[in-house]
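Chemist: Before anything else, here's the structure in question.
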Amino acid sequence: MSVLHLVNASPFESAALSRCLARAGEGDAVLLLENGVYGALTGCRFSREVAEAAAWLDIRVLAPDLRARGLCASSLLQTLGQVDYDGFVELAARHELSLTWT
């Protein structure tokens, strides 16, 4: 059973992203949204952990939340994809369960 993991907390203020990546399984997806998008940035202390997880997890960033924080695609880890709201719905439909990490 695949799970869509939603991480909405900043990794600088919460261990939600690290806990999520430690628990996510093969075939799961992770969507970074709201302040969780900060976990997708290159050059931050979480970059290595996220990049390693992206080798076996489908990790995406909600593009409108990225833009709302004044960030652009060039500041993201290259292995991560972006989705809009329609893509968010598609991810939710593709996975049997969703789990929010805050």
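Per this note's numbering, residue 52 is the first one in the sequence shown, and the count goes up by one each step.
Ideal Cβ positions, reconstructed from N, Cα and C, are used throughout, including at glycine.
Using DSSP with H/G/I as helix, E/B as strand and the rest coil, what is serine 149?
Modeler: In the structure shown, serine 149 sits in a strand (DSSP, three-state: E or B).
Chemist: Quick check on aspartate 137: buried or exposed, where buried means 16 or more other Cβ atoms within 10 Å of its Cβ?
Modeler: Answer is exposed; the Cβ neighbour count stays below 16.
Chemist: By Cβ distance, which residues of its chain are closer than 8 Å to leucine 128, with the 5 residues on each side in sequence left out?
Modeler: Ala91, Leu92, Thr93, Ser98, Val101, Ala102, Ala105.
Chemist: Indicate whether leucine 150 and valine 54 have their beta-carbon atoms separated by less than 9 Å.
Modeler: Against a cut-off of 9 Å, the Cβ pair of valine 54 and leucine 150 comes out as a contact.
Chemist: For arginine 99, name the three-state secondary structure that DSSP assigns.
Modeler: Residue state, collapsed to three classes: helix.
Chemist: Which two residues bound the contiguous beta strand (DSSP E) that contains arginine 111?
Modeler: Start and end: 109 to 113.
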